[in-house]
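J.: Numbering of the first sequence is given in this note's numbering, commencing with residue 3 and proceeding in unit increments. Backbone N, C-alpha and C define an ideal beta-carbon position, used for all residues, glycine too. Bear in mind the structure is a predicted one, so any value in this text is a computation, not a measurement.
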Amino acid sequence: MLLVRGTHDLIHKSAQVHRYITEYARTWAHKYGFTDVSTPILEYEGIFSRSLGETSDIIRKEMFVLEQKGDDPHKESIILRPEGTAPIMRALFMNGLHQTLPQKFFYEGPMFRYDRPQKGRQRQFHQFGIELLGIKSSWAEIDVISLSFDILKGLGISNLTLEINTLGDKESREAYKSALVDYFQDVKECLSLESQERLLKNPLRILDSKSAQDRKLIEDAPVYRNYLNTFSENYFETLLKNLNHLDIPFKINPHLVRGLDYYSHTVFEITTPDLGTQSTLLAGGRYDSLSTLMGNSTDIPAVGWAAGIERLALLLEDKLSLPNPRQFALIPLSEEQDREAFSWTQKLRQEGLIVHFVSDGKIAQKFKAAAKLGAQYGLVLGDEESKTKTFTLKNFETGDQQQISQNALSTTLKSL
RNA sequence: GCGGGCGUAGCUCAGGUGGUUAGAGCGCCAGAUUGUGGCUCUGGAGGCCGUGGGUUCAAGACCCAUCGCUCGCCCCA
3 MLLVRGTHDL IHKSAQVHRY ITEYARTWAH KYGFTDVSTP ILEYEGIFSR SLGETSDIIR
63 KEMFVLEQKG DDPHKESIIL RPEGTAPIMR ALFMNGLHQT LPQKFFYEGP MFRYDRPQKG
123 RQRQFHQFGI ELLGIKSSWA EIDVISLSFD ILKGLGISNL TLEINTLGDK ESREAYKSAL
183 VDYFQDVKEC LSLESQERLL KNPLRILDSK SAQDRKLIED APVYRNYLNT FSENYFETLL
243 KNLNHLDIPF KINPHLVRGL DYYSHTVFEI TTPDLGTQST LLAGGRYDSL STLMGNSTDI
303 PAVGWAAGIE RLALLLEDKL SLPNPRQFAL IPLSEEQDRE AFSWTQKLRQ EGLIVHFVSD
363 GKIAQKFKAA AKLGAQYGLV LGDEESKTKT FTLKNFETGD QQQISQNALS TTLKSL
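1. The beta strand (DSSP E) spanning Gln329 covers which residue range?
2. In whole angstroms, give me the CA-to-CA distance for Leu219 and Lys63.
3. Would you mind working out which of Gly8, Lys368 and Leu162 sits nearest Tyr116, comparing C-alpha positions?
4. For Arg28 and Gln280, what's the separation of their Cα atoms in angstroms?
5. Under DSSP, the beta strand (DSSP E) around Gly380 begins and ends at which residues?
6. Just how far apart, CA to CA, sit Leu332 and His14?
7. Three-state secondary structure (DSSP) at Leu164?
8. For Gly354, name the three-state secondary structure that DSSP assigns.
9. Using C-beta distances below 7 Å, list every residue in its chain close to Pro256, excluding the 5 sequence neighbours before and after it, in chain order.
10. Just tell me which of Thr413, Asn298 and Ala343 has its CA closest to the CA of Met96.
11. Nearest to Phe238 by alpha carbon, out of Trp307, Lys138, Lys368 and Leu193?
12. Counting Cβ pairs closer than 8 Å, one from the segment 277-294 and one from the segment 182-202, do we hit at least three?
13. Between which two residues does the alpha helix (DSSP H) containing Met96 stretch?
14. Taking Ile132 as the reference, give the member of Ala366, Ser323, Ser140 and Ile147 with the closest Cα.
15. Return the CA-CA distance between His247 and Lys253, expressed in angstroms with no decimal places.
16. Quick check: the segment 264-282 against the segment 93-111, are at least 3 beta-carbon pairs closer than 8 Å?
17. Residues in its own chain within less than 7 Å of Phe66 by CB, not counting five upstream and five downstream?
18. State the DSSP-derived secondary structure class of Pro251, mapped to helix, strand or coil.
19. Drop a sphere of 10 angstroms on the beta-carbon of Val6, count the other beta-carbons inside from all chains shown, and report buried for 16 or more, exposed for fewer.
20. Closest to Glu338 by C-alpha separation, out of Asp301, Leu317, Lys389 and Glu312, would be which residue?
21. At which residues does the alpha helix (DSSP H) containing Phe50 begin and terminate?
22. Could you please give me the residues that DSSP links to Lys396 through a beta bridge?
23. Please give me, in chain order, every unbroken run of the alpha helix (DSSP H) with length at least 4 that falls completely inside the segment 269-317.
24. What's the C-alpha gap between Glu78 and Ser293?
25. Decide yes or no for the touch test of the segment 147-157 against the segment 305-321: beta carbon pairs closer than 8 Å, at least 3 of them.
26. By the 10 Å Cβ neighbour count, where 16 or more other Cβ atoms means buried, how is Lys370 classified, buried or exposed?
27. Grouping DSSP H, G and I as helix and E and B as strand, with all else coil, what is Thr232?
28. Residues in the same chain with beta-carbon distance under 7 Å from Ser407, minus the five sequence neighbours each way, listed in chain order, please.
29. Could you give the residue range of the beta strand (DSSP E) that holds Gln126?
30. Compute the Euclidean distance between the alpha carbons of Phe151 and Leu162, then round it to the nearest angstrom.
31. Counting Cβ pairs, one atom from each stretch, are 3 or more of them under 8 Å apart for the segment 337-356 and the segment 394-403?
32. Under 6 Å: does the beta carbon of Lys190 sit that close to some heavy atom of the ligand SAH?
33. Whose C-beta lies closer than 8 Å to the C-beta of Thr472 among residues of the same chain, with five residues either side of it excluded?
34. Nearest-angstrom Cα distance between Glu235 and Glu69?
35. Under the three-state reduction of DSSP, which class applies to Lys370: helix, strand or coil?
36. Could you compute how far the alpha carbon of Gly170 sits from the alpha carbon of Arg351?
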C-alpha cells in the first residue's frame, strides 16, 4: 500500500485539531462580517498563470495537471488549485458580484503544490483565508490584519511577528525596478545564478534571496522607500500610523517581496520562530490589479490573506485541549436484549446524547470495547434490568455502578 | 530541483568489527474471571529488517541504485 507523496491522513486527534482550527477561524470571520464561499478544487490553468505570473514558482514547477479525458470542450489544462485567491476573483466575475461591491469572503479547503515535502510543507495542504473586495482605504488592511490576530491569538499561538512592506503602485514599482536593474547590472557577475535569472524576469525577487553572496549586494541596493511616489508613500504611512495607534506591533521588512505578481501596495506575513524553516503562518496583502490581470477593464480594490492549517496544527497539536463531551455505551448482555437496547440507543441519540451501541463478543469484550470507544459511562441491559425496567449505569472512570429506572433514564444521564 | 541524516513488529527503539530459527518495552488477541473494561499473572499472534541489484561460503549489517521520511537550501501557507 502506498500513500501519495506529500499527502497525509487526518485521523482522530489530528482531524479534530484541523477541524477545530478551521471552525475557530470561521467563527471569527463571521464576527467580522465575512461569509462562506466555496469554489471548485479543479480550475483551468489560465486562472492561475494569468494572475500569479508566469515567472512564479507555483506556475513554473508546482502545478498538478490532470490528464484530459477528451470530453472537455476547452483545450486548456485542468489543474488542482494551488491557492485560493484567483478562483475567488474568477467566481466574483462569473457570478456578477463585482457589480455589488464590497464583498467579504471566507474560504477553507485543500490546495495542491508539487513541491518537495518537508515539515510544514505538504503537496496537499489546507488553507483558510479571507478576501475583502471593494475597499480602497488602508482600513481594509487594518481590518483583515486585526482578524488574523484575533484568530491566531485566540487559538493560543504566541511568539508572532507581523512583517509588513509596501510594493507601491505600478508607477512606483516601475521606477524602482529600473533603479534596481541599473544597480544589479553592474555587479551581475557577483550575483547567484538564480538571482541573475531574476534580474531578467522579476528583479524585485532578488531582494528575497537568502544566498550569502547576494545578501551583501542587497544591503547596498537602492531602497524602495526612496522611489515611492507621493500616493504610495502616503498610503503606507497612513497604514503604519493606524497600526501604531491600534497597538498592533509590526516590523517593516523591506525585503518582503512575495512571489506572486498580483500584489500591490501592502504585503504582510505573520511568522513564528517555532516552526524551523517554514516560518510563515499566514500571508497576504493588497492586490488591486488582480482583476485587470484576469481580464477586467478596471482594477477592483482587494485585500486578503491565507493561513496554512497544517502549520497552525503543528503549533497546537500538543497543547490544544479539545472539548470532550460525555459519551455513553449501551451494552446489552445477551442477544435477547439487542433489539430493546438498540431502540434505547436511538431514543437517547434523539435526546442529543452521544451513544455507542456495543453488541459484539462476550460480555467482557463488550465492556472493553465500550471503554475503548471513549465512553465514560456504560448502560447495561441484561435479564434483571429488563425485568425491573432499569439500567445498570457504570462509571468507567471510578468503576461505580448504580441502578436507574428506565423512566428517568434521559434526565439522569443529562444531569451527569 | 540541490545537499545532509535516517528507514528493523501497529508504536518507540535494541541488534560492537558480516556467522544458525531477528529481540525488548508499549499496544493488540486469548485465558485466569460463563453479568463487567482498566490493575495483576499466564500464554499467543504479529517482521520479504523500505524495495531492487551486487560483494561473500554466509548480509538486518558492507557496496550501488531506487523509493519514502526527515533537516537544511529553494519556494511558500
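T.: Based on what the coordinates show:
1. Indexing the first sequence from 1 puts residue 329 at position 327. Segment Gln329 to Pro334, the beta strand (DSSP E) holding Gln329.
2. On the first sequence, position 217 is the one that residue 219 refers to. On the first sequence, position 61 is the one that residue 63 refers to. Rounded to whole angstroms, Leu219 to Lys63 spans 28 Å at the Cα level.
3. Working through the first sequence from its first residue, we reach residue 116 at position 114. Ranking Gly8, Lys368 and Leu162 by Cα distance to Tyr116 puts Gly8 first.
4. Along the first sequence, read from residue 1 onward, the residue named residue 28 stands at position 26. Along the first sequence, read from residue 1 onward, the residue named residue 280 stands at position 278. Roughly 24 Å between the two C-alpha positions.
5. Within the first sequence, numbered from 1, the residue matching residue 380 stands at position 378. Per DSSP, Gly380 belongs to the beta strand (DSSP E) from Tyr379 to Leu383.
6. Position 330 of the first sequence, counted from the first residue, corresponds to residue 332. Position 12 of the first sequence, counted from the first residue, corresponds to residue 14. Rounded to the nearest angstrom, the two C-alpha atoms are 22 Å apart.
7. Taking the first residue of the first sequence as 1, we reach residue 164 at position 162. The answer is strand: DSSP assigns Leu164 an E or B state.
8. For the purposes of this step, residue 354 is identified with residue 352 of the first sequence, where counting begins at 1. Note: Gly354 maps to coil in three-state DSSP.
9. In the first sequence, the residue the question calls residue 256 occupies position 254. Excluding positions up to five away in sequence, the list reads Asn167, Val225 and Tyr226.
10. Counted from its first residue, the first sequence places residue 96 at position 94. Of the listed residues, the one whose Cα sits closest to Met96 is Asn298.
11. Along the first sequence, read from residue 1 onward, the residue named residue 238 stands at position 236. Nearest of Trp307, Lys138, Lys368 and Leu193 to Phe238, Cα basis: Lys138.
12. no
13. The count along the first sequence starts at 1 and reaches residue 96 at position 94. Start and end: Thr87 to Met96.
14. If you number the first sequence from 1, residue 132 lands on position 130. Measuring from the Cα of Ile132, the nearest candidate turns out to be Ile147.
15. One-based indexing of the first sequence puts residue 247 at position 245. One-based indexing of the first sequence puts residue 253 at position 251. When rounded, the distance between both Cα atoms is 15 Å.
16. no
17. Indexing the first sequence from 1 puts residue 66 at position 64. For Phe66, where only same-chain residues beyond five positions count, the Cβ hits under 7 Å are Ile81, Leu82, Phe114 and Tyr116.
18. Against the first sequence, residue 251 aligns to sequence position 249. It is coil, neither helix nor strand.
19. Taking the first residue of the first sequence as position 1, residue 6 is located at position 4. Exposed: under 16 other Cβ atoms inside 10 Å.
20. In the first sequence, counting from the first residue as 1, residue 338 sits at position 336. Comparing Cα-Cα distances from Glu338 to each of Asp301, Leu317, Lys389 and Glu312, the minimum goes to Lys389.
21. Taking the first sequence and counting its residues from 1, one reaches residue 50 at position 48. Glu47 to Leu54 is the span of the alpha helix (DSSP H), which, as asked, contains Phe50.
22. Taking the first sequence and counting its residues from 1, one reaches residue 396 at position 394. Partner(s): Gly380 and Gln403.
23. 292-295
24. Residue mapping note: residue 78 aligns to position 76 of the first sequence, counting from 1. Residue mapping note: residue 293 aligns to position 291 of the first sequence, counting from 1. The straight-line gap from Cα to Cα measures roughly 20 Å.
25. yes
26. What you label residue 370 is simply residue 368 of the first sequence in a count that begins at 1. That one is exposed.
27. Numbered from 1 along the first sequence, position 230 holds the residue referred to as residue 232. Note: Thr232 maps to helix in three-state DSSP.
28. Position 405 of the first sequence holds residue 407. Result list for Ser407: Lys391 and Thr392, in chain order.
29. Residue 126 sits at position 124 when you count from the first residue of the first sequence. First-last of the beta strand (DSSP E) with Gln126: Gln126 to Leu135.
30. Along the first sequence, read from residue 1 onward, the residue named residue 151 stands at position 149. Along the first sequence, read from residue 1 onward, the residue named residue 162 stands at position 160. For Phe151 and Leu162, the distance between alpha carbons rounds to 9 Å.
31. no
32. Because no ligand of any kind appears in the structure shown, any question about the ligand SAH cannot be addressed here.
33. Residue 472 is absent from the structure shown; the chain starts at 3 and stops at 418.
34. To locate residue 235, count along the first sequence from 1; it is residue 233. To locate residue 69, count along the first sequence from 1; it is residue 67. Looking at the two C-alpha atoms, the distance is approximately 47 Å.
35. Numbered from its first residue, the first sequence carries residue 370 at position 368. Reduced to three states, the DSSP call for Lys370 is helix.
36. Locating residue 170 in the first sequence gives position 168, counting from the first residue. Locating residue 351 in the first sequence gives position 349, counting from the first residue. Each residue's alpha carbon lies about 58 Å from the other.
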